[in-house]
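Step one of this worksheet: look at the structure below.
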Amino acid sequence: MKHILTLLVVFTTGILCKSQNGLQKHPIPVGSYPHQNRTKNDVAIDNNSNKWVCFSSDGLGKFDGTNWTMYNPGNSPLPSYYTDCIAFDATNKAWIGTDSGAVSFDGTNWVRYSTTNSGIASNRVISVSVTGGQIIFGTIRGISIFNGSNWTSYATSNSGLISDTVNAITMESSGALWAATSRGVSRLQGTSWTSFTNGNSALRELIMYSIYIDAQGDKWVGSSSNVYRISGNMVTPLQAISPELSYGFHPFYSFCKGPHGGVAFGYAINGSSGIHEVGWPKDYLYQIPSPKYVCYENSTGKIWFTTFQGDTSLYSFDASQYNPAWLGLNYDNFKDLDINEVRAPVTTRGDMHWDGYSAGYEVPKGSGKHADFAAALWIGGMDQSGTLHQAAMTYRQHGYDYWPGPLDTITGTSDSVKASAYDKVWKVDRYQIEEFKYYFQKGQVQNGSYVPAEDILTWPAKGQGDFSRNLAPFVDVNHNGIYDPLTGGDYPVIRGDQELYRIFNDQLAPHTETGGAPLQVEVHASAYAYVCPTIADSNKVLNYTTFYHYDIFNRSAQNYTKAYVAGWQDVDLGKYDDDMVGCNPEGNYGYVYNGTPCDGTGTPGQYGCKPPMMSTVILSGPLAVAGDGIDNNNNGTIDEPGEQNLMTCFHYYDNDFSATGNPGDPGFPGSTPAHRPMDYYNYMLGKWCDSTYVTYGGRGYGGSTPTRFMYPSFPYDTSGWSEYTSHDTPGDRRFLLGCGPFDFHAGSQVSFDYALVFTRDTTLAPQSPAFFQKNASDNKKVQNWFAQNNAPSCMNVNVGIEESKPSVEQLDVFPNPFTGELNISFASGTAEYNAEVLDLTGKSILQFTHLTSGPHVLNLSGLADGMYFLKVSDAKGFSCRKIIRQ
6 MKHILTLLVV FTTGILCKSQ NGLQKHPIPV GSYPHQNRTK NDVAIDNNSN
56 KWVCFSSDGL GKFDGTNWTM YNPGNSPLPS YYTDCIAFDA TNKAWIGTDS
106 GAVSFDGTNW VRYSTTNSGI ASNRVISVSV TGGQIIFGTI RGISIFNGSN
156 WTSYATSNSG LISDTVNAIT MESSGALWAA TSRGVSRLQG TSWTSFTNGN
206 SALRELIMYS IYIDAQGDKW VGSSSNVYRI SGNMVTPLQA ISPELSYGFH
256 PFYSFCKGPH GGVAFGYAIN GSSGIHEVGW PKDYLYQIPS PKYVCYENST
306 GKIWFTTFQG DTSLYSFDAS QYNPAWLGLN YDNFKDLDIN EVRAPVTTRG
356 DMHWDGYSAG YEVPKGSGKH ADFAAALWIG GMDQSGTLHQ AAMTYRQHGY
406 DYWPGPLDTI TGTSDSVKAS AYDKVWKVDR YQIEEFKYYF QKGQVQNGSY
456 VPAEDILTWP AKGQGDFSRN LAPFVDVNHN GIYDPLTGGD YPVIRGDQEL
506 YRIFNDQLAP HTETGGAPLQ VEVHASAYAY VCPTIADSNK VLNYTTFYHY
556 DIFNRSAQNY TKAYVAGWQD VDLGKYDDDM VGCNPEGNYG YVYNGTPCDG
606 TGTPGQYGCK PPMMSTVILS GPLAVAGDGI DNNNNGTIDE PGEQNLMTCF
656 HYYDNDFSAT GNPGDPGFPG STPAHRPMDY YNYMLGKWCD STYVTYGGRG
706 YGGSTPTRFM YPSFPYDTSG WSEYTSHDTP GDRRFLLGCG PFDFHAGSQV
756 SFDYALVFTR DTTLAPQSPA FFQKNASDNK KVQNWFAQNN APSCMNVNVG
806 IEESKPSVEQ LDVFPNPFTG ELNISFASGT AEYNAEVLDL TGKSILQFTH
856 LTSGPHVLNL SGLADGMYFL KVSDAKGFSC RKIIRQ
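Per the numbering used here, residue 6 is the first one in the sequence shown, and the count goes up by one each step.
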């Protein structure tokens, strides 16, 4: 698995816009030990609304909403600095588990229960629960139940308990006892024991950390990477209940009642962390510290929680104040550009090509192989006082620098309501537009018999109020100045054969990714691609290329100078740790190639021998500053009229936190992250984090000749400078292509375009001159297509095919839309007929031959969601129907 040093702290640091998402941070006072507060083992609320926290190294803490009271062996009869669990009985007496026995505390008196003065099974108490008048302790030697007078213990030696290590314990009102252990789940009903393990149930793991009984009597169990519901004797894993959450990054240590009455728990998965309430998919808390132990406060409806190691605060969350602008990835704000041979995920927060955890830039599409892990837009510039304004994204390790939506035309600001409305990626195919136009002309849009694609209907063409202006481009068919597709026939204008469009800004909240001051920029971003399956081999790179366009608006009152924009990438060419990178300044592109002849062994996710390479080529950029003395477009001429900034810097850095490593200080357990926005800006200029220039030769650091381009020579050039000639060890690479400097005046707009170009020719030797020249040729074709606006698309937009009538009998299909299987019935006029499924380009992707007249069930479960054509034909004719997989 790929390791990202900066990603690791996403689960322990960073709070986003506390005033708008219902989250509050309550700092815990300094403890008795240098490493105090790093590990918090439990949280509970007593009958007086005090919050209690158990610590591994600082005893016990009580928080009354304002002040903390700390208890430890130095100031109280608490027998240990290590407390593990706490629960309260009906009299508000606290029952505490430590590594030196159990303790009760009524606010004045302390009573210790150990193996020497009581019937408790072990002094190492790791869980506690109170039901009625019974106090139930889970220990490392089994279960001990105390009724105030007598003790009863269960262990593997005297009962059917499956393990003596009892991590969590609870009891139903009926008296049934449930234990989450290191070997599964045990239930005691009367005198009968039942166990649930990975051998006799749907449990996949052995170690269970938590257990909870909901209002319906179902049991919820948390393991090292999953959540399970036990209803009766039926065990159901979380992915069958909440498939969008699936497995976790951290163990599930705790459950509680949720704000809507459901079951809530903390999660850390796919690069995000928060609290999920089962049955309420909108209740994700995205980009908050990873909750470890959670509890619900009935009087306020808040959830209180502690985090994993490395945070010195207690947190509360008020769901009524939560704004859905801070949701994680969902079907609206995470979509794939997938019209050709690439699948490229796109999000709304300035980054793309990943799902927050895994690589998503898959090429060829459907292969399981990825060429890019993550990508993002960086922007920076100096205001008139010399203050840096910086916005960038990498792995969301601290939070965000970008948020969805446009900015107010008067104030240059936004709000969470507007952000929520634009937390969406609009995905439109050229075929959908042509189909819409066809049916509108026939009157079938107006009468409701044809329903256009949702993203056409909701296309963000116009803003409202102080946001009133043209946003996403569209054709105003009836020239009335508004976007009205249903009545006026208006439709989007898109780039390519498929476009993913989104709008974001850097102004809504503080920049928690870089720590930089906001620029007040509004970005209209497009990711698009072309498709032509029948194109000549010499031009097939079109089907393996994706394009990116940014219109960046300065909505502030500031004139920025020394401004730069950059495309940042974490390139992973198949196997992530055997890559090398380089650039071609004259061609305005950077590239990644395999540092070894074979990419891994060719196992899933690896390209094997004769691996590909991929380039990032800048196609267009902001105008250069007149007379800056720089050859900004690398054409050999300095300061020509109308000169554009293209690739003015190519920078590579290491995955560490040195002066030549990841930008910013992530912070480590027990410390606060130190944002360093200048690191990001320096990289766009061609400098290192310590503000020294990249120098020619070696690793680019500490030499005597400054340069803006790292590794500008092809590896086969033994006299040039490349990773290969520098004898670098192949590894996990990040790079960025800087574009600047330019002046970015208040109220002005700049544009930035680049493309990702994938080249693979298995007839060429890796790292040979022909190998790199093939990629250079592909890049040139893409540049020419862009400059001339004539990419050779051959997408079939003959929408009339969709209702072709058979020359013989009627074709029936149902259900439509379908999910996996499609029923068809065709009364053929001959003995047999054939059926085939076509994609929107007219390419045949599935065939069914020698079908007999009458009904058949076609298994189409292998198709991706989307629209297709089903064509049936016999000797007398054919019929075609539009079908939709969802």
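Positions of the beta carbon are idealized from the N, C-alpha and C atoms, including for glycine.
Taking Phe823 as the centre and dropping the five residues before and after it, the same chain places the C-beta of Leu865, Ile888, Ile889, Arg890 and Gln891 closer than 8 Å to its C-beta, in chain order.
The Cβ-Cβ distance between Tyr535 and Asp502 falls below 8 Å. When beta bridges are read from the DSSP output, Trp198 appears opposite Leu193. Using a Cβ distance threshold of 8 Å, Tyr496 and Ala477 do not count as a contacting pair. For Ala376, the enclosing beta strand (DSSP E) starts and ends at His375 to Met387. Of the other Cβ atoms in all chains shown, fewer than 16 fall within 10 Å of the Cβ of His484; this residue is therefore exposed. Bounds of the alpha helix (DSSP H) holding Phe776 are Pro774 to Gln793. Where Pro771 is concerned, there is no enclosing beta strand (DSSP E), because DSSP gives it neither an H nor an E.
Taking a cut-off of 8 Å for Cβ pairs, the segment 571–587 and the segment 739–757 touch, as three or more such pairs fall below it. With a beta-carbon spacing of about 5 Å, Ser191 and Leu166 fall inside the 8 Å limit used to define contacts. The three-state secondary structure of Val842, taken from DSSP, is strand. Secondary-structure assignment with DSSP links Trp100 through a beta bridge to Ala92 and Ser109. Following the DSSP letters along the chain, one finds Val422 inside the alpha helix (DSSP H) bounded by residues Ser421 to Ala426.
Within a 10 Å sphere around the beta-carbon of Met689 sit 16 or more other beta-carbons, which makes this residue buried. Contact annotation: Asn650 and Phe747 have beta-carbon atoms nearer than 8 Å. Excluding residues up to 5 positions away in sequence, Gly417, Leu524, Gln525 and Ala751 lie with their Cβ nearer than 7 Å to the Cβ of Ser561 in the same chain. Of the residues Leu211, Asn152 and Tyr159, the one whose Cα lies closest to the Cα of Leu193 is Tyr159. Ala396 is a Cβ neighbour of Thr519, given a cutoff of 8 Å. Taking a contact to require three or more Cβ pairs closer than 8 Å, the segment 122–129 and the segment 147–163 qualify as touching.
Looking at the DSSP output, Arg129 bridges to nothing. Counting along the chain, the unbroken beta strand (DSSP E) around Gln139 starts and ends at Gln139 to Thr144.
Lys297 has no beta-bridge partner at all, per DSSP. In the three-state scheme derived from DSSP, where H, G and I count as helix and E and B as strand, Gln469 is classed as coil.
Put simply, of Thr71, Met75 and Met239 the residue whose alpha carbon is nearest the alpha carbon of Leu65 is Met75. Comparing C-alpha distances from Ser168 to each of Leu211, Asp428 and Ala107 shows the shortest one belongs to Leu211. Across the structure, Ile91 and Ser295 are spaced so that their CA atoms are roughly 21 Å apart. Beta-bridge analysis with DSSP links Glu591 to no other residue.
Within the DSSP secondary-structure output, Thr857 pairs in a beta bridge with Glu837. Excluding five sequence positions before and after Ala380, the CB atoms of its chain that fall closer than 6 Å to its own CB belong to Met357, His358 and Gln574, given in chain order. Excluding residues up to 5 positions away in sequence, Cys603 lie with their Cβ nearer than 6 Å to the Cβ of Cys614 in the same chain. In the three-state reduction of the DSSP assignment, Arg435 falls in the helix class. In the same chain as Pro797, and ignoring 5 residues on each side of it, the C-beta atoms closer than 8 Å to its own belong to Tyr535, Cys537, Ile540, Asn544, Leu547 and Trp790, in chain order. According to the DSSP assignment, Tyr685 belongs to no beta strand (DSSP E) but to the alpha helix (DSSP H) extending over Pro682 to Leu690.
As the crow flies, the alpha-carbon of Gly373 is around 56 Å from that of Asn97.
For Leu393, the enclosing beta strand (DSSP E) covers residues Leu393 to Ala396.
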